[in-house]
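Just below is one structure, and these are the notes that go with it.
Protein chains: 2
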Amino acid sequence: MGDDRARLNLKSLARHLDLSITTVSRALRNGPEVRKETIERVQKAAAELGYVRDVGGLTLRTGLSYSICVLMSAVPPDDIADTGSVGLLQGVHEVAQAAGYAVTAVPLAPGADPIEALKTIIDGRRADGLIFDHTLPMDPRVRFLLERDFPFVSFGRTELFTPHAWFDIDDEDATYRAVRHLLASGYRRICLINPPTEFMFSQYRQRGYRKALSEAGMEIDPRLMLDLDLTARKTRASVKDLMVQESPPDAFICVNDITSLGMMTGLRDIGLDPADFGFCASTTTRLIEYVEPTPVSFYFPLQEAGRRLTRLMLRRLEGETDITQLQELAVAEMHVPTRRR
Amino acid sequence: MGDDRARLNLKSLARHLDLSITTVSRALRNGPEVRKETIERVQKAAAELGYVRDVGGLTLRTGLSYSICVLMSAVPPDDIADTGSVGLLQGVHEVAQAAGYAVTAVPLAPGADPIEALKTIIDGRRADGLIFDHTLPMDPRVRFLLERDFPFVSFGRTELFTPHAWFDIDDEDATYRAVRHLLASGYRRICLINPPTEFMFSQYRQRGYRKALSEAGMEIDPRLMLDLDLTARKTRASVKDLMVQESPPDAFICVNDITSLGMMTGLRDIGLDPADFGFCASTTTRLIEYVEPTPVSFYFPLQEAGRRLTRLMLRRLEGETDITQLQELAVAEMHVPTRRR
DNA sequence: TTTCGGATCAATATCGATTCTGGCGAGTAT
DNA sequence: ATACTCGCCAGAATCGATATTGATCCGAAA
Numbered sequence: 012m013g014d015d016r017a018r019l020n021l022k023s024l025a026r027h028l029d030l031s032i033t034t035v036s037r038a039l040r041n042g043p044e045v046r047k048e049t050i051e052r053v054q055k056a057a058a059e060l061g062y063v064r065d066v067g068g069l070t071l072r073t074g075l076s077y078s079i080c081v082l083m084s085a086v087p088p089d090d091i092a093d094t095g096s097v098g099l100l101q102g103v104h105e106v107a108q109a110a111g112y113a114v115t116a117v118p119l120a121p122g123a124d125p126i127e128a129l130k131t132i133i134d135g136r137r138a139d140g141l142i143f144d145h146t147l148p149m150d151p152r153v154r155f156l157l158e159r160d161f162p163f164v165s166f167g168r169t170e171l172f173t174p175h176a177w178f179d180i181d182d183e184d185a186t187y188r189a190v191r192h193l194l195a196s197g198y199r200r201i202c203l204i205n206p207p208t209e210f211m212f213s214q215y216r217q218r219g220y221r222k223a224l225s226e227a228g229m230e231i232d233p234r235l236m237l238d239l240d241l242t243a244r245k246t247r248a249s250v251k252d253l254m255v256q257e258s259p260p261d262a263f264i265c266v267n268d269i270t271s272l273g274m275m276t277g278l279r280d281i282g283l284d285p286a287d288f289g290f291c292a293s294t295t296t297r298l299i300e301y302v303e304p305t306p307v308s309f310y311f312p313l314q315e316a317g318r319r320l321t322r323l324m325l326r327r328l329e330g331e332t333d334i335t336q337l338q339e340l341a342v343a344e345m346h347v348p349t350r351r352r
Numbered sequence: 012m013g014d015d016r017a018r019l020n021l022k023s024l025a026r027h028l029d030l031s032i033t034t035v036s037r038a039l040r041n042g043p044e045v046r047k048e049t050i051e052r053v054q055k056a057a058a059e060l061g062y063v064r065d066v067g068g069l070t071l072r073t074g075l076s077y078s079i080c081v082l083m084s085a086v087p088p089d090d091i092a093d094t095g096s097v098g099l100l101q102g103v104h105e106v107a108q109a110a111g112y113a114v115t116a117v118p119l120a121p122g123a124d125p126i127e128a129l130k131t132i133i134d135g136r137r138a139d140g141l142i143f144d145h146t147l148p149m150d151p152r153v154r155f156l157l158e159r160d161f162p163f164v165s166f167g168r169t170e171l172f173t174p175h176a177w178f179d180i181d182d183e184d185a186t187y188r189a190v191r192h193l194l195a196s197g198y199r200r201i202c203l204i205n206p207p208t209e210f211m212f213s214q215y216r217q218r219g220y221r222k223a224l225s226e227a228g229m230e231i232d233p234r235l236m237l238d239l240d241l242t243a244r245k246t247r248a249s250v251k252d253l254m255v256q257e258s259p260p261d262a263f264i265c266v267n268d269i270t271s272l273g274m275m276t277g278l279r280d281i282g283l284d285p286a287d288f289g290f291c292a293s294t295t296t297r298l299i300e301y302v303e304p305t306p307v308s309f310y311f312p313l314q315e316a317g318r319r320l321t322r323l324m325l326r327r328l329e330g331e332t333d334i335t336q337l338q339e340l341a342v343a344e345m346h347v348p349t350r351r352r
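Chains as they are written, first to last, in the working numbering: chain P, 12 to 352; chain F, 12 to 352.
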């Protein structure tokens with residue numbers, strides 16, 4: 012019924028209301044040059060007819076696409092994905108949506124060049140801002156985006172001199188608290204299972220680890236500081252080598268939910284019971300509540316991280332120029348499992 | 012250096028090459044009206060200068076945005092996300108990227124109206140095609156998209172009369188095989204843990220369950236057919252009620268990785284050992300390889316599902332009109348865990 | 001020589017939204 | 001009465017890419 016009528020755009024809307032395109036455009040954005048009654052009339056008609064602004068026309072004219080792009084680090088096939096990534100996306104979407112922004116996701120395969128991806132997004136005007144994680148000290152993505160002066164918020168800090176917008180979880184603090192907790196529980200050979208040292212958050216974790224041990228007057232055994240990758244598979248395989256050492260660890264600190272699983276399974280593989288070890292983990296989901304034994308965890312949900320990242324992003328897009336106002340550090344919450352039996 | 016020169020677009024590229032905008036545009040798309048040497052010259056220059064087509068201009072003129080939108084069903088906060096969803100996105104991106112398409116993700120909050128989201132995407136010309144999961148028999152999204160004649164591929168079948176493009180995992184078959192496996196192992200009271208019956212795949216699972224039991228000449232106890240939701244929390248809580256029945260189950264079939272975890276933890280909560288029960292699960296990740304005891308699983312990776320969905324999508328966008336050619340059913344692969352000790 | 005047709009390229013209109021410039025009427029100061 | 005401001009609205013240019021139509025050149029056929 013009437014489906015062959017012209018598409019609903021500013022032109023047809025203006026004709027319908029007997030106004031000019033200009034006025035309708037301004038009225039929809041509450042422009043000060045339009046009378047209040049006219050604004051109401053226009054917005055009412057737009058809502059009734061279901062007018063949706065064409066993103067093509069908008070982008071062409073203004074250069075804005077009203078969408079935020081999330082660069083997600085993908086996982087090698089057949090390994091377990093980071094369980095929280097959808098949560099992150101969800102958090103981003105939640106805040107972005109409310110501000111009229113769409114969310115674009117680019118899962119970046121392990122080997123792919125991130126700069127190429129950035130160029131396509133920026134030059135093709137596919138997004139107004141970028142969010143990405145797993146920062147490096149001299150992160151090439153941050154450098155590139157700073158150079159291009161393109162809005163972004165990184166999930167993680169860098170060591171670059173130029174300040175930029177970031178949100179981060181305080182991994183140094185979480186690791187520090189984990190070590191202290193394990194020491195207080197009587198463990199003496201605490202193993203830190205970390206992602207590759209090139210990642211910033213890996214370095215912060217080492218810092219917290221060293222600080223807590225030094226404060227306790229203990230030696231640091233480099234053999235207890237592992238840098239693996241973020242997969243369950245690798246962690247699982249590495250545990251075996253770790254345990255045949257002269258003096259193996261009696262406790263573990265894992266970097267996330269998934270490596271915790273890998274570590275536990277690795278122990279079981281060689282006939283050991285994870286319950287006999289001290290165990291702390293940084294987590295972004297409640298997954299480890301469902302495994303036995305449940306470790307003490309330092310929890311910060313990725314969904315909330317997504318929300319915070321996006322709020323910073325929106326402030327940046329709204330013209331906040333004081334970059335130091337766009338840096339936020341969050342503390343993870345300690346969860347001690349209740350004994351089951 | 013020279014950063015203040017005009018943006019790189021067809022106009023500046025044409026001026027640089029001393030050709031018309033038209034010719035450059037056609038040459039970049041290998042148009043038949045352009046001489047081969049000219050095409051080469053244009054494409055070489057475009058690659059060297061790093062020309063990227065402006066998506067705004069493209070969308071405005073052609074109505075195409077060269078992006079595919081994935082509607083993801085989000086998870087209630089503080090529950091565990093479906094671990095595979097990023098894998099799905101990854102699979103979609105992999106295939107879409109290679110064909111020049113970007114991927115947009117819309118995580119849909121549990122209560123949100125999907126049709127509103129669809130309208131914004133379609134009317135705002137934000138995507139050329141849609142992918143979504145968790146179909147219902149009379150799925151309103153499918154109906155809406157069919158009515159609008161908008162390209163989509165659903166992850167899951169429907170019972171609608173009009174044929175449409177879909178990809179699905181054969182849940183009936185997986186459940187059938189699971190029941191037969193458990194029966195052969197000597198279990199007699201097999202519990203089917205399912206998502207709400209309104210989902211199509213839940214119904215297929217019930218069908219497979221009934222079929223296997225009937226063939227074995229066994230009664231069907233409706234108390235053993237649970238329809239919960241897809242969260243670990245709910246499953247965990249429901250196990251207790253289930254086990255205080257007069258004749259409780261001796262085996263479980265779970266719908267995915269996460270509900271498997273919930274079920275196992277629920278058993279432990281009331282002092283039971285999951286190892287004393289029969290246990291099969293449909294899975295889309297290798298997560299359950301890392302829990303003890305590892306169930307027999309029927310595995311189909313979501314990443315591959317994403318790839319297949321997108322291949323169907325691309326064929327649809329390239330003009331395939333025979334819809335029956337765009338329907339694909341995949342069989343899950345049975346994984347039997349190797350005994351550990 | 002003229003005409004025709006294919007090959008190759010160019011001029012121009014167009015998509016939808018924003019924005020710059022300007023018009024018009026009413027009210028006010030000079 | 002004239003000039004000026006202000007509130008409200010309209011006309012037309014513009015963004016970048018594509019499609020339609022038209023122009024030009026060259027060789028072959030009449």
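Even for Gly, the Cβ is constructed at its ideal location relative to N, Cα and C.
Around the Cβ of Ala195(F), a 10 Å sphere holds fewer than 16 other Cβ atoms; the residue is exposed. Under the DSSP definition of a beta bridge, Gly140(P) partners with Ile79(P). Close to Leu272(F), with beta-carbon spacing below 8 Å, are these residues of chain P in chain order: Leu298, Tyr301 and Val302.
Scanning the region 182-267 of chain F from its first residue to its last, the whole alpha helix (DSSP H) runs of 4-plus residues come out as 182-195, 211-226 and 243-254. Only those residues of the region 109-125 of chain P whose C-beta falls short of 8 Å from the nearest C-beta of chain F are listed: Ala113, Val114, Thr115, Ala116, Val117, Pro118 and Ala120. Sixteen is the threshold: when 16 or more other Cβ atoms of the shown chains lie within 10 Å of the Cβ of Thr321(P), as they do, the residue is buried. Secondary-structure assignment with DSSP links Gln108(F) through no beta bridge to anything.
Chain-ordered, the chain F residues with CB closer than 7 Å to the CB of His104(P) read Val117 and Pro118. For a Cβ distance threshold of 8 Å, residue set Thr94, Thr296, Arg297, Leu298 and Tyr301 of chain P lies close to Ile91(F), ordered along the chain. Taking 8 Å as the Cβ-Cβ cut-off, the region 49-61 of chain P approaches chain F at Gly61, given in chain order.
Taken residue by residue, none of the region 197-213 of chain P has a beta-carbon sitting less than 9 Å from a beta-carbon on chain F. Nothing from the region 246-257 of chain P brings a Cβ to less than 7 Å from some Cβ of chain F.
Around the beta-carbon of Glu300(P), 16 or more other beta-carbon atoms lie within 10 Å, marking it buried. Relative to the Cα of Val114(F), the nearest Cα in the group Ile132(F), Pro285(F) and Leu298(F) belongs to Ile132(F).
Residue burial annotation: Thr146(F) is buried, with at least 16 other C-beta atoms found within 10 angstroms of its C-beta.
Per DSSP, the beta bridge partners of Val164(P) are Ile142(P). It is roughly 14 Å from the alpha-carbon of Thr294(P) to the alpha-carbon of Asp184(P). When DSSP states are grouped into helix, strand and coil, Ala57(P) belongs to the helix group.
Taking 9 Å as the CB threshold, Thr186(F) stays off the interface with chain P. A residue is called buried once 16 or more other Cβ atoms fall within 10 Å of its Cβ, and Leu193(F) is buried on that count.
Inclusion of Phe212(P) and Asp182(P) in the CB contact set at 9 Å is warranted, their separation being smaller than that value. Proximity of chain P to Gln314(F) at the Cβ level (cut-off 8 Å) is accounted for by Pro88, in chain order. At a beta-carbon threshold of 7 Å, none of the residues of chain F lie near Arg152(P); the nearest stands roughly 17 Å away. Between Leu235(F) and Cys265(F), the beta carbon gap of about 13 Å keeps them out of contact (Cβ cut-off 8 Å). With a cutoff of 9 Å on beta-carbon distance, Met83(P) and Pro118(P) are scored as near each other. Taking 7 Å as the Cβ-Cβ cut-off, the region 134-163 of chain F approaches chain P at Asp134, Gly135, Arg136 and Arg137, given in chain order. According to the DSSP assignment, Leu328(P) belongs to the alpha helix (DSSP H) that extends over Leu313 to Leu328. Annotation for Ser31(F): no alpha helix (DSSP H) segment contains it, and DSSP assigns it neither H nor E. Leu99(F) and Met275(F) have their C-alpha atoms some 26 Å from each other. Separation of the CB atoms of Arg152(F) and Leu129(F) is rounded to 6 Å, and the pair is thereby assigned contact status at 8 Å.
In the same chain as Asn41(F), and ignoring 5 residues on each side of it, the C-beta atoms closer than 7 Å to its own belong to Ile50, in chain order.
Contact residues of the region 273-291 of chain F toward chain P are Gly273, Met275, Thr276, Arg279, Asp280 and Gly282 (C-beta to C-beta distance below 8 Å). With its beta carbon at least 9 Å from every one in chain F, Lys222(P) lies outside the interface. Bridge partners of Ala113(F) according to DSSP: Ser78(F).
Residue environment for Gly289(F): buried (at least 16 other C-beta atoms within 10 angstroms of its C-beta). A distance of 9 Å or more separates the beta carbons of Leu171(F) and Phe163(F).
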